[in-house]
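First comes the structure, then the notes that go with it.
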Amino acid sequence: MYAFPWLLRLLLLQEGDQRRLWRWLVAVLQESISLPLEIPPDEEAENIIWSSHKTLATVVPGKEGHPATIMVTNPQYEGRVSLLDPSYSLHISNLSWEDSGLYQAQVNLRSSQISIMQQYNLRVYHPDYASEKPSTDLCLLTKGLLVFLLLVILAIGIWVIRVQKRCRMPRMKKLRRNRMKLRRKAKPGSSPA
């Protein structure tokens, strides 16, 4: 019951005049991906600043039926970045390993002092290793850890049994000696020579 407000706060952090949203995205090497941008329907964007490590592009929405303009400021994305109208979502083509990482869209709104921050964590993977390799490696790792754990438990069990036997041995020897002494005392006519 108390977890719900904290979960909601994590999903939609409110820091002063910014609202933050997080998304996790997965894409295939040398393919394309769109980073979806959500602007409230009753709001109008002044500009959108896309960044990854440093500013990637700035988008200025067009006025009354004119298309938006995008100014790519990072040469790494030159010729590979475009916009999906009318949502202003960022489309990146010909993905490389270097494209993996954190992305951020800062939407500055016209009607208020609020800016909406949407953040993305993009992972680029190779299609040949995507489906089988991680699950097989994880399975082998899990099996190896289970075998190791069983061997450790077996070794500890054997050690405990040996320690218990060693503790009982001297006691058993004492009991045998005492029995023999009692037998000797019980037989008055017999001599041990």
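In this text, residue positions in the sequence shown follow this note's numbering: the first is 6, and each later residue adds one.
Ideal placement from N, C-alpha and C gives every residue a C-beta, glycine not left out.
Fair warning: this is a prediction, and the values are worked out from it, not measured in the lab.
Can you give me the start and stop residues for the beta strand (DSSP E) that residue i sits inside?
i	result
residue 106	106-114
residue 51	50-57
residue 131	Taken as a continuous stretch (DSSP letters only), residue 131 belongs to no beta strand (DSSP E), as it is neither H nor E.
residue 94	94-97
residue 119	Note, residue 119: premise wrong, no beta strand (DSSP E); not H, not E.
residue 75	74-77
residue 34	No beta strand (DSSP E) contains residue 34, which DSSP labels as neither H nor E.
residue 100	That residue, residue 100, is in no beta strand (DSSP E); it is neither H nor E in DSSP.
residue 89	86-89
Rounded to whole angstroms, how far is the Cβ of residue i from the Cβ of residue j, which I believe are closer than 8 Å?
i	j	result
residue 56	residue 118	Residue 56 to residue 118, Cβ: 20 Å. No contact.
residue 69	residue 114	Wrong, their Cβ atoms sit about 18 Å apart, outside the cutoff.
residue 34	residue 132	7 Å
Considering only the beta carbon of each residue, do residue i and residue j sit closer than 9 Å?
i	j	result
residue 40	residue 125	yes
residue 43	residue 111	no
residue 107	residue 58	yes
residue 60	residue 53	no
residue 37	residue 75	no
residue 72	residue 121	no
residue 49	residue 92	no
Buried or exposed: residue i, going by 16 or more other Cβ atoms within 10 Å of its Cβ?
i	result
residue 138	Bear in mind that a pLDDT of 46 at residue 138, under 50, signals an unreliable position, so the model cannot answer this.
residue 47	exposed
residue 161	exposed
residue 104	buried
residue 145	exposed
residue 100	buried
residue 159	exposed
residue 190	exposed
residue 163	exposed
residue 95	buried
Does the structure place the segment 85-97 close enough to the segment 49-69 that three or more beta carbon pairs sit under 8 Å?
yes
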